[in-house]
Amino acid sequence: MLEHIDLHNASLNSTIPLELGLCSNLTFLDFSINLLRGGLPRAALSGLKKMSQFGISNASLTGEIPWDAITTWTDLKSLQLQVNSLNGSISSEIGRLSNLTLLFLFINQLSGTIPKEIGNLTNLVQLDLSTNSFTGPIPPTIGNLKQLTLLNLFYNNLTGTLPVEIGDMASVQTIDINTNQLHGELPYL
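Residue numbers (the numbering used here): 5 to 193.
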C-alpha cells in the first residue's frame with residue numbers, strides 16, 4: 005500500500021488527480037515546486053485520512069483551502085501550502101488539528117481573521133501566516149502555543165493591540181509582526 009509520494013520539483017504541469025483520494029494509506033505527500041493548475045480538490049483530499057505531512061508549496065495553486073477535508077486528518081503534523089495563490093480564510097475547524105507542529109501558509113491571498121481556535125494547536129512549533137491579507141486582532145489564544153519557537157505574521161492588515169498573552173509563549177525565539185496596523189504597548193516577552 006502506497007504511503008509516501010514525493011514529486012517535488014518534478015516539472016509537473018497538471019491538476020491534482022481525484023484518484024489521489026484512493027491512496028488511503030498515504031502519510032506523506034510533497035508536490036512542491038511544480039506548476040499545478042487549479043486548486044486542492046476536496047474529493048481527493050477527503051480520502052487521505054492517515055496524512056501526516058502534506059506539502060504543496062510554490063506550486064501555483066489557486067482557490068480556497070478545503071478545510072473540511074484537511075481537518076479530518078487527525079495525525080497531521082506538517083501543513084505547508086506557502087507561496088501559492090490560495091484565497092479564502094482559515095476555518096475555525098483548524099483547531100481540530102491538535103498534532104500539528106508546523107503550519108506554513110505564507111505568501112498567499114488569504115484573508116479574514118485569524119481564528120481563536122489556532123490556540124488549540126498546542127503542539128505547534130512553527131507558525132507562519134505572513135504576506136497575506138489577514139485582518140482583525142491577533143487572537144489572545146495564541147498565548148496557548150507554549151511550544152512555538154517561530155511566529156511570523158508580518159505583511160498583513162492586523163489591527164488592535166498585541167495581546168499580553170504573547171508573553172506566555174515560553175519557547176518563542178522569533179516573533180515578526182512588522183507591517184501591520186498594530187498599536188499600544190509591547191507586552192512582556
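C-beta atoms are modelled at their ideal positions from N, C-alpha and C, and glycine is treated no differently. Small disclaimer: the values here were computed from a predicted structure and weren't measured.
Contact under 8 Å by Cβ, residue 105 with residue 81: By 1-based counting over the sequence shown, the position of residue 105 is 101. By 1-based counting over the sequence shown, the position of residue 81 is 77. Cβ distance < 8 Å, so residue 105 and residue 81 count as in contact.
Top-ranked residue by Cα proximity to residue 22, from 10, 49, 146, 34: Here residue 22 is taken as the residue at index 18 of the sequence shown, counted from 1. Closest by alpha carbon: 49.
Which of helix, strand or coil DSSP assigns to residue 56: Working through the sequence shown from its first residue, we reach residue 56 at position 52. Note: residue 56 maps to coil in three-state DSSP.
Of the listed residues 36, 186, 155, nearest to residue 85 (C-alpha basis): The residue labelled residue 85 in the question sits at position 81 within the sequence shown. When each option's Cα is compared against that of residue 85, the closest is 36.
Status (buried if at least 16 other CB within 10 Å, exposed otherwise) for residue 39: Counting from 1 along the sequence shown, the entry for residue 39 is found at position 35. It counts as exposed.
Which residues DSSP lists as bridging residue 91, in chain order: Taking the sequence shown and counting its residues from 1, the one referred to as residue 91 is at position 87. BP columns for residue 91 point to 68, 113.
Where residue 102 falls, given that 16 or more other Cβ within 10 Å makes a residue buried: The residue labelled residue 102 in the question sits at position 98 within the sequence shown. Here residue 102 is exposed, its C-beta having fewer than 16 other C-beta atoms within 10 Å.
Cβ neighbour criterion (16 or more within 10 Å) applied to residue 29: In the sequence shown, counting from the first residue as 1, residue 29 sits at position 25. Under this definition residue 29 is an exposed residue.
CA nearest to the CA of residue 56, picked from 7, 190, 146: Locating residue 56 in the sequence shown gives position 52, where the first residue counts as 1. Answer by Cα proximity: 7.
Residue 149: CB within 7 Å of a non-hydrogen atom of the ligand PLP: Looking for the ligand PLP in the displayed structure turns up nothing, as the structure carries no ligands at all.
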